[in-house]
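If you're matching them up, the sequences are chains R and V in order. Counting from 1, position 37 in the first sequence corresponds to residue 37 in the numbering used here; the numbering is continuous, with no gaps. Counting from 1, position 214 in the second sequence corresponds to residue 214 in the numbering used here; the numbering is continuous, with no gaps. Below is one structure, written out as C-alpha cells, with a few remarks after it.
2 protein chains.
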Amino acid sequence: MDIKKVKRSEDYSAWYNNLVKYADLAEHSAVKGCMVIKPYGYAIWETMQAELDRRFKETGHVNAYFPLFIPKSFFSKEASHVDGFAKECAVVTHYRLKVDEDSREIVVDPEARLEEELIVRPTSETIIWNTYRDWIQSYRDLPILVNQWANVVRWEMRTRLFLRTAEFLWQEGHTAHATAEEAIEETRKMLDVYADFAENVLAVPVIKGVKTPNERFAGALDTYCIEGLMQDGKALQMGTSHFLGQNFAKAFDVKYVTRENKQEYVWATSWGVSTRLMGALIMSHSDDEGLVLPPRLAPIQVVIVPILKKGDANEAVLKKAEEYFFALKKAGIRVKLDDRDTQSPGFKFAEYELKGVPVRIAIGPRDVQNGALEVARRDTKEKQSMAETDLVHKIEHLLEQIQNNLFQRALDYRSEHITAVNSWEEFKDVLENKTGFVSAHWDGSTETELKIKEETKATIRCIPLNNPEEAGTCVYSGKPSTQRVLFAKAY
Amino acid sequence: MDIKKVKRSEDYSAWYNNLVKYADLAEHSAVKGCMVIKPYGYAIWETMQAELDRRFKETGHVNAYFPLFIPKSFFSKEASHVDGFAKECAVVTHYRLKVDEDSREIVVDPEARLEEELIVRPTSETIIWNTYRDWIQSYRDLPILVNQWANVVRWEMRTRLFLRTAEFLWQEGHTAHATAEEAIEETRKMLDVYADFAENVLAVPVIKGVKTPNERFAGALDTYCIEGLMQDGKALQMGTSHFLGQNFAKAFDVKYVTRENKQEYVWATSWGVSTRLMGALIMSHSDDEGLVLPPRLAPIQVVIVPILKKGDANEAVLKKAEEYFFALKKAGIRVKLDDRDTQSPGFKFAEYELKGVPVRIAIGPRDVQNGALEVARRDTKEKQSMAETDLVHKIEHLLEQIQNNLFQRALDYRSEHITAVNSWEEFKDVLENKTGFVSAHWDGSTETELKIKEETKATIRCIPLNNPEEAGTCVYSGKPSTQRVLFAKAY
Chain R
1 MDIKKVKRSE DYSAWYNNLV KYADLAEHSA VKGCMVIKPY GYAIWETMQA ELDRRFKETG
61 HVNAYFPLFI PKSFFSKEAS HVDGFAKECA VVTHYRLKVD EDSREIVVDP EARLEEELIV
121 RPTSETIIWN TYRDWIQSYR DLPILVNQWA NVVRWEMRTR LFLRTAEFLW QEGHTAHATA
181 EEAIEETRKM LDVYADFAEN VLAVPVIKGV KTPNERFAGA LDTYCIEGLM QDGKALQMGT
241 SHFLGQNFAK AFDVKYVTRE NKQEYVWATS WGVSTRLMGA LIMSHSDDEG LVLPPRLAPI
301 QVVIVPILKK GDANEAVLKK AEEYFFALKK AGIRVKLDDR DTQSPGFKFA EYELKGVPVR
361 IAIGPRDVQN GALEVARRDT KEKQSMAETD LVHKIEHLLE QIQNNLFQRA LDYRSEHITA
421 VNSWEEFKDV LENKTGFVSA HWDGSTETEL KIKEETKATI RCIPLNNPEE AGTCVYSGKP
481 STQRVLFAKA Y
Chain V
1 MDIKKVKRSE DYSAWYNNLV KYADLAEHSA VKGCMVIKPY GYAIWETMQA ELDRRFKETG
61 HVNAYFPLFI PKSFFSKEAS HVDGFAKECA VVTHYRLKVD EDSREIVVDP EARLEEELIV
121 RPTSETIIWN TYRDWIQSYR DLPILVNQWA NVVRWEMRTR LFLRTAEFLW QEGHTAHATA
181 EEAIEETRKM LDVYADFAEN VLAVPVIKGV KTPNERFAGA LDTYCIEGLM QDGKALQMGT
241 SHFLGQNFAK AFDVKYVTRE NKQEYVWATS WGVSTRLMGA LIMSHSDDEG LVLPPRLAPI
301 QVVIVPILKK GDANEAVLKK AEEYFFALKK AGIRVKLDDR DTQSPGFKFA EYELKGVPVR
361 IAIGPRDVQN GALEVARRDT KEKQSMAETD LVHKIEHLLE QIQNNLFQRA LDYRSEHITA
421 VNSWEEFKDV LENKTGFVSA HWDGSTETEL KIKEETKATI RCIPLNNPEE AGTCVYSGKP
481 STQRVLFAKA Y
C-alpha cells in the first residue's frame, strides 16, 4: 500500500494527504477547492451526524431547513458580519444558460441577470434572522431552538481535504431567547455538548475556552470554542458556539413583547461543527499503517477474516466465522465477515489496518479445533489468542477498552504538550522545538496578539474556561497580565 | 384556525397553500422561489429520509457526497442533458464581494470573476460520472452503488411549496454497472423500493410505469416512474428511476476492462425522490381540518391531552396521563403528553387535528375513576371510550389500522378514477368532469402526445409496467394502437 511510502514522522502533511486518499475517505474534485467525500469517509461522517443529532434533540432542539442563497443586501445589515465573509463568497449573478448563436457553445445568457445577486451561504445567520422576524412576536414564541444540517461555501484559495475546503458540510444551530442570560446559558450548553461528543465519541480531548476579540466570529459578542491538539503539535479548532447578543435581532428588527408588555430585541446564539472534525479524527489517532478509528465511530467495528487454505477444512472455518458474525451482529456490533477467496489474508489484514477497523478476528482450522480465535487490536497492534467462550462480551469489553485507550493516549500526549513559559525566548523555543500549546501571560491587547502571530505564526487558541487568576507580565510586551492564555500554531 | 376559511372542495389550491402554512410545514423565503422548511415539516421529511435510507442500505447502496458546483463545460458533454437543464440553471460567476469606494455599498468584485462559470447542481450525473472515471478501471470495481442526499437548484418561475421550488432537497442514486441487463435490473429494483416506500410508508398507492420518449429524463434511454393520484384528480410524479445506458460513460469516457480483458463503456442508472413527496403526502390524505398523517410518518403518533378542570381531581388525571405516556413511549410509540395549562382542551384538539396527529387520547377525572380513556382517530374522526386494559397493544393495533385505512381510502379513490375511454369526446369529458387517470389508446407518436397536451393539458403519465397488449385505435388520431396508456392532468 502506497500509504507506507510516507511516514508520519517524516512529513506529517504528506502523510495526512496520503491517508485521506488511500483509506478512501475523500478526494479533490474537478471543481477547484471542492471535495468528494467517498463512501467510507461519508459513513464515518454519518455516524458523527447521528451522534450529534441525538444530542441536539436530547437538549430540546429541532431541525429545519433554510435557503442555500442569501440576497446580497442581507449581508450588509450586520457590519462586522459582511466584513468577515465578503472576501470569500460565491456569487450567483445569472439564472440561465443558452447556446451562443455564433459559436454554438453553451454560454451564460446575459438576459438572465438577477436583479440582486445571491450569495451561496457561508453561514446562515442573516437569512435565518430575517425569517425569525415573522416567527417571533411574543415571549411565548421563545426560545426558538433550531438546528440545520447543510452545505456551506467559503471561497478558499489554499485548500486541504476536510480541514479547509471551499464547500463543506456542517450543522449550524441558531437559537433565539428572551434574555441575555438564557442565550449565554445556551451558548455554553452547546459547547458542553460538543466537548462531550469530541471526548466520548471522537476520543479527542478538548480544551473549552473563549476566543479573544480578534478571533471572534464576525457578528458575535463572545465566541466559545473547543480546541484539540493534533499529533504534530498543532492545534485544531473543532467547534465554536457564539453568543451573538442582539446584533442580528437589531440588524433584522426582531423584537418580542415581554410578559410585562414591553418591546425588546431578541437574544441570539449560533453554534457549529463541520466535516473538519474528520480531519481532527484522522490527525488524533492514526499511524503509519493508516487510519485508527475509535469504535464508537467506526463503520466496521469488527472484521472477521477466515484463514482458508487449499485442501484444508475450509467448511468448518467458514461455518465458525459465520457463527461469530451472527452472534456479534445480534449484539448490535457493526461486524463484517470478509470471506472473499480472491484476496489473501495478508492483503485483507493490511486493508483493514489502513481503514482503521478497531478489532480484527482471524480464524484458521486449528483455531476451530481449539475453540479459539485470534484477536488483533488496531490501536496497539497487539494480537492474542482468545477462547471462544463468552465471545460477545469479551469483544464488547475490548471495544470499550480501545475507545478508552485512544482517548487516554491522546490525553497523555496533550498533557505533555501544554507548556507554561515565562519568557519570550522560552516561548519561541517551546513553540518551535517542543510544539503544542504554550501557556503564557498576555497583556490582553490585540496589538500584542497580532505581533506575536506575525513573529511566530502562533495564535491565541483560547482563554480556557475557569482559567485561574494569576498575576504576571506579558511574555511579549512585559506589561501586566492577570492570567495565562493558550497559544499554538494551528490548522 | 384560518385553515377552515378555505374548503378543500371549493379551492383545492388555496386549501393546499393554507394547510402548508397553518400546519407549520413550510413557507416562502425572502429568496424568490426558495422555501423554508419549518421544524414540523422537516421532522416529517427526516422520517421519510430514514425510511428511504434504510431501504437503500438494505439493497446494498452506500452514501457519498459530491460538489454543489458543476463546471459549465461538463454540461455540454451530454447533449440532451444540457438541453434539459440549461434554461433553469443558477450560475456562479464571481467569488468575492467588496465595498464600492464611491457608494460605500457592498458590490460584486469585478476582479474576482471565475475563469469558468460554475452551475449550482440541478442534478449530479455530470460531476459524478466525471469522478467515476477515476474510480472504475476493471470489472472488479463494479458495480458502484452510490446515493447522495443533497440540495439541488432548478430555477423555476412559478413555484409552489414542496411541489415546485427553485431549491429542493432530494436523494439521487448514481450506479455504474458492467452490463445493460444489470443496470436495467437496478433501475427496476429502485422503482420497486420507491413504490414500496410510497405505499407502505406514505400510504399512497402508485402506478409503476415507464415514460414516453417525450417525457424522459434528459440523457436517459428509459425513465421509469411511480405516479400517484391526488384528491383533486390530478396526477403527481412521485419518483423516477432512469436507465441511462452508456450515455454518461461515453460523455465522460468511463471504460472498464472486462473479465475477457476488453475495454467497454460502463452502464449507468440514476434515481431520485425529493421533498415533492411532502406535497404528495399532503394532497393524498388531508382534509378541511388540516393535515392527516399516516402513523409511520407522523413525528407525533399519539398525543395525550389531560382534561383538567378547576377544583377537580387534576392530580389523579395528570398521574394517569403520565402513566399512559411512559407505557406508550416504552413500547416505541412516538407519543406526546400535552399538559400545558395555558390552553384549553378544545384548542389543543384543534391544533393536533391541524397537525395531523393520528391518535388523540383524552383523559378526564371520570375516565380515571372508570379505568377508561377517550380515543379519537384523526383519519375517520371517530371517538370511542376505551378500557385501559392492554392499552399499548390496542393503540399499536389502532395505528396499524389507521395506516391501512389511509392506504385503502386512497386506493379506492384511485380505483374509481382510472377510466377507460374509447373516443375523443369521452376522453375530454372524463378529463374535465370526472378527472383522474384516463386509460386510452395512443398511436405511439410524440406528435399526437403533444397535440393532446396542447388541447387538453393532459400528459401521458406513464405506460404501466406489465401493460396488457390490446389492439385498438388511437383516441386522438384514429391510427392503430397496441396498448392503452394513462393520461392525466398533473402537477
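Yeah, the Cβ is synthetic: ideal placement off N, Cα and C, and Gly gets one too.
Going by C-alpha positions, asparagine 467(V) is about 41 Å away from valine 36(V).
Rounded to the nearest whole angstrom, the CA to CA distance from lysine 211(V) to alanine 203(V) is 23 Å. In this structure, alanine 249(V) lies near valine 266(V), with their beta-carbon atoms less than 8 Å apart.
Counted as a single uninterrupted DSSP element, the beta strand (DSSP E) harbouring tryptophan 267(R) occupies residues 267 to 274.
Judged by DSSP in its simplified three-state form, methionine 230(R) adopts coil rather than helix or strand. Near chain V, meaning a CB-to-CB distance below 7 Å, the residues of the segment 73 to 86 of chain R are Phe75, Ser76, Val82 and Ala86. Uninterrupted beta strand (DSSP E) stretches at least 3 residues long and entirely within the segment 73 to 100 of chain R occur at 91 to 94 and 97 to 99, given in chain order. Collapsing the DSSP output to three states places alanine 50(V) in a helix. Approximately 11 Å separates the beta-carbon atoms of arginine 334(R) and valine 359(R); this is outside 8 Å, ruling out the contact. Rounded to the nearest angstrom, the Cβ distance from valine 392(R) to leucine 328(R) is 6 Å, consistent with a contact under 8 Å. Within the segment 297 to 354 of chain V, the complete alpha helix (DSSP H) segments at least 4 residues long are 314 to 330 and 345 to 354, listed from N- to C-terminus.
Cβ contact annotation for glycine 364(V) (same chain, cutoff 6 Å, sequence separation greater than five): Ile307, in chain order.
Within its own chain, the residues whose Cβ lies closer than 8 Å to the Cβ of serine 76(V), once the five positions on either side in sequence are excluded, are Val82, listed in chain order.
The Cβ of leucine 169(V) sits closer than 8 Å to at least one Cβ of chain R.
Counting only Cβ-Cβ distances below 9 Å, threonine 131(R) has contacts in chain V at Glu27, Ser29, Ala30 and Val36, in chain order. Under the Cβ criterion of 8 Å, alanine 43(V) is counted among the residues facing chain R. Residue contact with chain R for lysine 310(V): absent (no Cβ-Cβ distance below 8 Å to any residue of chain R). Runs of the alpha helix (DSSP H) lying entirely within the segment 177 to 245 of chain V, each at least 4 residues long, are 180 to 200 in chain order.
If you draw a straight line from the Cα of glutamate 111(V) to the Cα of asparagine 151(V), it comes to about 29 Å. Listed along chain R, no residue sits closer than 7 Å to valine 266(V) by beta-carbon distance, the nearest being about 17 Å off. Per DSSP, the beta bridge partners of aspartate 287(R) are Gly290(R). Across the structure, glutamine 148(R) and alanine 471(V) are spaced so that their CA atoms are roughly 55 Å apart. Annotation for glutamate 449(V): the continuous alpha helix (DSSP H) segment containing it runs 446 to 456. Close to glutamate 117(R), with beta-carbon spacing below 7 Å, are these residues of chain V in chain order: Val108. Membership of alanine 420(R) in the beta strand (DSSP E) is indicated by the continuous run 418 to 420. Chain R has no Cβ within less than 8 Å of the Cβ of threonine 448(V).
Arginine 366(R) has a beta carbon lying at 8 Å or more from every beta carbon in chain V. Scanning chain V for C-beta atoms nearer than 8 Å to the C-beta of proline 122(R) yields nothing, as the closest lies near 11 Å away.
Here serine 270(R) is buried, its C-beta having at least 16 other C-beta atoms within 10 Å.
Counting only runs of 3 or more residues that sit fully inside the segment 345 to 410 of chain R, the beta strand (DSSP E) segments are 359 to 363, 372 to 377 and 383 to 387, in chain order. Distance check between asparagine 247(R) and each of Tyr324(R), Leu221(R), Arg484(R) and Asp367(R) places Leu221(R) closest, using alpha-carbon atoms only. Apart from sequence neighbours up to five positions away, the residues of its chain that approach lysine 72(V) with a beta-carbon distance below 8 Å are Val91, Glu116, Glu117, Leu118 and Ile119, ordered along the chain.
Neighbours of threonine 389(V) in chain R, taken as residues whose beta carbon is under 8 Å from its own, are absent, since the nearest beta carbon is some 33 Å off. A Cβ-Cβ contact shorter than 8 Å links valine 375(V) with methionine 386(V).
Measuring C-alpha to C-alpha distances from serine 439(V) to each of Glu449(V), Ile460(V) and Ser445(V) identifies Ile460(V) as the nearest. For a Cβ distance threshold of 8 Å, nothing in chain V lies close to tyrosine 256(R): the least Cβ distance comes to about 17 Å.
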